[in-house]
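To start, the structure itself, in structure tokens.
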Amino acid sequence: MSTAATTRPGDEVVIHRVVEKPMSTRRRVGIGVAISVLGLLSLLLGHNAQAHDARFDLSQGSEFFHVPDLVLPVAATAYVIGIILLAVGAYQAVRGFRPRGLRIAGTGIGALFMLAFLSWAASGGKGSTIDLLGVLENTLALAAPLILGALAGVLCERSGVINVAIEGQMLAGAWAGAMFGTLMGRFGGVLTALVAGALMGWLLAVFAIRYLVNQVVLGVVLNALSLGLTGFIYDAIMQPNANTMNTPQVFQPLQIPVLSKLPLVGPLIFDQNIIVYLMYALVILIQWGLFHSRWGLRTRAVGEHPKAADTVGINVLRVRYVNVILGGAIAGLGGAFMTLGSVGSFTKGITSGNGFIALAALIFGRWSPKGAVAASLLFGFAYELQTLLSLVAPPVAIPSYFLAMLPYLATIFAVAGLVGKVRAPGADGEPYVKE
Amino acid sequence: MKAVKFAVIVGASALVLAACGSKPTTSSSSSTSGAAGGSATTSSSKAFTACMVLDTGGVDDRSFNQSSYAGLTTAATANPAIKPSYVSSNSQNDYAPNLTAEVNKGCSTIIAVGGLMGDAVKAAAAANPNQHFAEVDASSSGANVYGMEYNTAQGGFLGGYLAAGMTKTGKVGTWGGLNIPPVTIYMDGFYEGVQYYNRTKGKNVQVLGWNESNQKGGTFSQSFTDQNKGKTISAAQVQQGADIVFPVAGGAGLGAGAVAQSSGGKVMVIWVDTDGCESAAQYCPYFLTSVTKGITDSVDKYVTAAASGAFPTGNYIGTLQNGGTGLAPFHTFDSKVPATLKSELDQVKADIISGKITITSPSQPK
């Protein structure tokens, strides 16, 4: 595997193209067999289905175009999907998709299998309808802090600083958002959350870049610092005066006229609160900026080969400082989503490990913004699926402990089957010292 | 070297601040030595030192630690001879050392909080047969241990009956923090209360998120702190048609309050452990009621009795009869709950006490 940098005439942007070796026969057949197994599972689900129909509510909350409930004959749906998956699996085993095609096919396979699975699950309980929009909205709400946390990670790690402190930065943001959101209004809360996250980012930057502290150890220590500090302030100030210190107004969804009335996508994209809109903007901005702007090129250069970047006159340390502090601010926004965009009060350790899941999403998403978003959404969906399956009572009772494993099972499957080998930025975690 | 020094400073300050989180107003496990214990016993020969070993979560967790310590301070206010103190546990590894330290300190009685401490209490009680112990949320494990347990399935039963009588959609939801008996006992009671309502009224109110006959199933957040997850779980139950949600998940349950708030009054919440209008006042307008667990009261009674020289022995089981569990006032919903439903609830309560209604939850204290 080699990385070729090509320059197009008249275009100063460098495009990384990863040239991959053709897939080994074993891997090709293995993936094909895995897809076929999913196909067989679908057939089994069709065989096991109890009721005849599964009902999906597509248009709750949208009056503009009313889409009737999608009613699928469970057995037939599962059988058809099973046959499609078997065919795709056979094609993969014999001919093999290209890596890019495989990723697209993999997403399609996942979606089809999920459809068969959900149809089967919904066929168990009497009259249970799966509110598809609700499922997607909950997925987004669960994924939003992960997306923001993972974006923070992208900024830091692409410039060569490992950020294990996402959790701590989020916690600081959640705390500042709740407390200053109550004192100064919710916009003041968002602003202070950004500042609090940035301050935590600055601490990481100073110790990692200036004092060359081991970045993983440093991240763990900063998480402890944040947990202790916010917990102390919560105990000392916020909890005794909950009414004046810990009751921020939550951002309500802002409807964008017309667009928000579109079925399914409307409420999902155009009827969200301001933090989610900010998140959408950040995803697009960072995805574009990282690969098409001067800042992005410098960031990647510093993260891959700081010495080379330095020789062409890029201030390595400054790029790293800026990125780490910006990353901290974005993680802080992720924390503010929890207290200002979702619930409306801070409690000790409210981030509950979301920062670490964000870190996993970053790696799983191959250090790219859009990959991190996809991974975060997958985690969010797995959490939501866990709730959904426990509510609709599928034909076969699934133990709650097994459901709790879902997010992690999904990760293992996706990492092993779809993502393949991941490679961190070349200088990730290595401090740069000028000779 | 500079780098190492700074790492040490950051690490040390983090530890100091983390320690601040649990208010070191009283002795911590490490500072208690034999010498300190000696001075404590000599200087207060008349005083009754009641020492509490808290579980993880801190003294102000709005849950069992806080309720337990409140019981101790209530007793101390009424009887100045009682000298209360507590140590916090930061992890399960602290249980045994904390208990040993309190024994060495010469406490008149040691109150352990939390069922998870059961094994550590049993060992400490066996090693110190003359030391009096009490434990919240566990049964007696020795002649010198007083167990305090709460049959919250009874309170949950009333909550379920009330929810079934108040729902407009015919569906009510419940979910827990973890699938462990202290949580699922509430859900069992709630489920049974709804089934009892269906049986006596010929209705068909459904319970989402828990079915007593399938103890391995159910909806759980796997966290007692993640409010955002609590919100999405509550929202999912509302999407499935529930209009009353009963979260049994400590702080994560506050997410249900957020869902009720954004629903504009369509969704009601039944709070757990303490009266929600006191412990989470911002959501009081959405709390139909709370299913309470009378930890404070039972700890208060134990300490008061022990200070008078009569150490209670055996087990205390909090029930509807002795006020160890029950329903909190309806607060804002007082005018909205029909009078007939209120009198039915009184009847159900009397029937549970008299044994006319039997509760089948496998998690009940025996």
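Sequence lines, in order, name chains A and B.
Mapping the first sequence onto numbering that gives the first Met the number 0, position 406 (from 1) lands on 405, and the numbers just tick up by one.
Mapping the second sequence onto numbering that gives the first Met the number 0, position 165 (from 1) lands on 164, and the numbers just tick up by one.
For each residue, glycine too, the CB sits at the ideal point set by N, CA and C.
Predicted, not measured: the structure shown is a model, and the values here were computed from it.
List the residues of chain B that E383/A touches, going by C-beta distances under 8 Å, in chain order. T231, A235
What's the gap between the Cα of M404/A and the Cα of Q236/B? 21 Å
I'd like to know whether the C-beta of S61/A is nearer than 8 Å to at least one C-beta of chain B. Residue placement at S61/A is flagged as unreliable, the pLDDT there being 46, under the threshold of 50; the coordinate-derived value follows with that caveat. No - not a single Cβ of chain B is within 8 Å of the one on S61/A.
Proximity winner among K82/B, N103/B, Q214/B, relative to F47/B (alpha-carbon distances): K82/B
Hey, S122/A and V73/A: beta-carbon distance below 8 Å or not? yes
Since C50/B sits in a beta bridge, which residues does DSSP pair it with? S84/B, I109/B
Local Cβ density within 10 Å of A306/B, reported as buried at 16 or more and exposed below that: buried
Can you list, in chain order, the residues of its chain whose CB lies under 6 Å from that of F55/A, leaving out five sequence neighbours each side? L69, I129, L131
So for H330/B, helix, strand or coil by DSSP? helix
For L53/B, which residues in chain A fall below 7 Å Cβ to Cβ? None at all; the shortest Cβ gap to chain A is about 14 Å.
Local Cβ density within 10 Å of W287/A, reported as buried at 16 or more and exposed below that: exposed
How long is the line joining the alpha carbons of S139/B and A133/B, rounded to whole angstroms? 8 Å
Indicate whether at least one CB of chain A lies closer than 8 Å to the CB of S27/B. Residue placement at S27/B cannot be trusted, given a pLDDT of 40 that sits under 50; what the coordinates show is reported in the next sentence. For S27/B, the answer is no, since every Cβ of chain A falls outside 8 Å of its Cβ.
Judging by CA-CA distance, which residue of V258/B, G252/B, T318/B, G216/B is the nearest neighbour of V395/A? G216/B
Is the Cβ-Cβ distance between A115/A and L44/A less than 8 Å? yes
DSSP on Y94/B, reduced to helix/strand/coil? helix
Can you pull the DSSP bridge partners for L207/B? G172/B
Any C-beta of chain A within less than 7 Å: which residues of the stretch 248-264 of chain B qualify? G250, L253, G254, A257
Cβ-based neighbour list, S21/B, same chain, cut-off 8 Å, excluding 5 preceding and 5 following: For S21/B, the predicted structure reports a pLDDT of 42, less than 50, and the residue's modelled location is therefore unreliable. A value from the coordinates is still provided. Contacts found: G57, V58, S87, N89.
Against chain A, does I356/B count as a neighbour if the rule is that its beta carbon must be under 8 Å from one of theirs? no
Beta-carbon proximity of V321/A to V301/A, cut-off 8 Å: no
Counting only C-beta atoms, is Y276/A closer than 8 Å to chain B at any point? no
Helix, strand or coil for N437/A per DSSP? What the structure shows of chain A is the stretch from 0 to 434, and residue 437/A is not part of that stretch, so it cannot be assessed.
Using a Cβ-Cβ cutoff of less than 7 Å, which residues in the same chain neighbour K220/B once the five nearest sequence positions on both sides are dropped? With the sequence shown as reference, residue 220/B is identified as Ser, and Lys is not the correct amino acid for it. W174, G176, K228, G229, I232, A248, A251, listed in sequence order.
Any chain B beta carbon closer than 8 Å to N162/A: no
Express the C-alpha separation of G114/B and L57/A in angstroms, rounding to a whole number. 46 Å
If we ignore side chains and look at the alpha-carbon of each, how far apart do L361/A and V372/A end up? 8 Å
Using a Cβ-Cβ cut-off of less than 7 Å, list which residues of the stretch 172-206 of chain B approach chain A; keep chain order. N178
What does DSSP give as the partner residue(s) for G146/B in the beta ladder? E134/B, N314/B
Nearest chain B C-beta to D52/A closer than 8 Å, yes or no? no
Straight-line Cα distance separating G172/A from V244/B: 29 Å
Determine, using beta carbons only, whether Y320/A comes closer than 8 Å to chain B. no
Given this structure, state the Cα-to-Cα distance separating P305/A from S289/B, to the nearest angstrom. 59 Å
Go through its chain and collect everything with a Cβ distance to N97/B's Cβ below 7 Å, but skip five positions before and after it. S28, V52, V86, S88
Using the beta-carbon of each residue, which ones in chain A are nearer than 8 Å to G217/B? S389, S399
Closer than 8 Å, CB to CB, is V249/A near chain B or not? yes
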